């Protein structure tokens, strides 16, 4: 099965936008990735720069979170109550308009907190397509835990 890759347009409260890829891989069925093309002048958004990175070149920064969190963040009932979900480094909630979702990235450095808006329809499309590939409740059938364990043992040897 192939990964789902959605190109998203993200906007920020202070204006501006950046390119974002939302990725769902059936081989990592519990997770969704948001990959940001971050201009170097914007900082690292909580991720370490790759070794040998050119200071003048943009980089891709990846944030990984639970697909269940995305589903919960898309819940229109919670949105009607203006509730945000997520207590860790990523939180989702209703956007300033009904057709947007607010995504908050909270790296360890509070000074680098990022708030952005993503169109609800784009995230719904990713979620629907991911459920078509791996239905909720079937994620563990896609994992080869024995192989994962062997890989860990190989790395530690």
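In the working numbering, the protein residues as written are 1 to 157. We put the CB at the ideal spot given by N, CA and C, even for glycine. Predicted model, so just to flag it, every value in this text is computed and none were measured.
**OP:** Express the C-alpha separation of residue 105 and residue 60 in angstroms, rounding to a whole number.
**Re:** 15 Å
Original post:
Leaving out the 5 sequence neighbours to the left and right, which residues in its chain are closer than 7 Å to residue 25 when beta-carbon positions are compared?
Top reply: 3
**OP:** Verify whether the separation of the beta carbon atoms of residue 69 and residue 92 is less than 8 Å.
**Re:** yes
**OP:** Please say whether residue 71 and residue 99 have beta carbons closer to each other than 8 Å?
**Re:** no
**OP:** Could you spell out the range, first to last residue, of the beta strand (DSSP E) harbouring residue 19?
**Re:** Residues 17 to 24.
**OP:** Decide if residue 158 is buried, meaning its Cβ has at least 16 other Cβ atoms within 10 Å, or exposed.
**Re:** Outside the displayed range of the chain (1 to 157) lies residue 158, so it cannot be described from this structure.
**OP:** Compute the distance between the beta-carbons of residue 118 and residue 101, then report whether it is under 8 Å.
**Re:** yes
Subject >> Rounded separation between residue 8 and residue 151 - CA only >> reply: 33 Å
Original post:
In chain order, which alpha helix (DSSP H) runs of at least 4 residues are fully inside the region 64 to 142?
Top reply: As summarised for the region 64 to 142, the continuous alpha helix (DSSP H) elements at least 4 residues long and confined to that stretch are 67 to 73, 76 to 80 and 120 to 133, given in chain order.
Subject >> residue 12 in three-state terms, based on DSSP >> reply: If DSSP states are grouped into helix, strand and coil, residue 12 belongs with coil.
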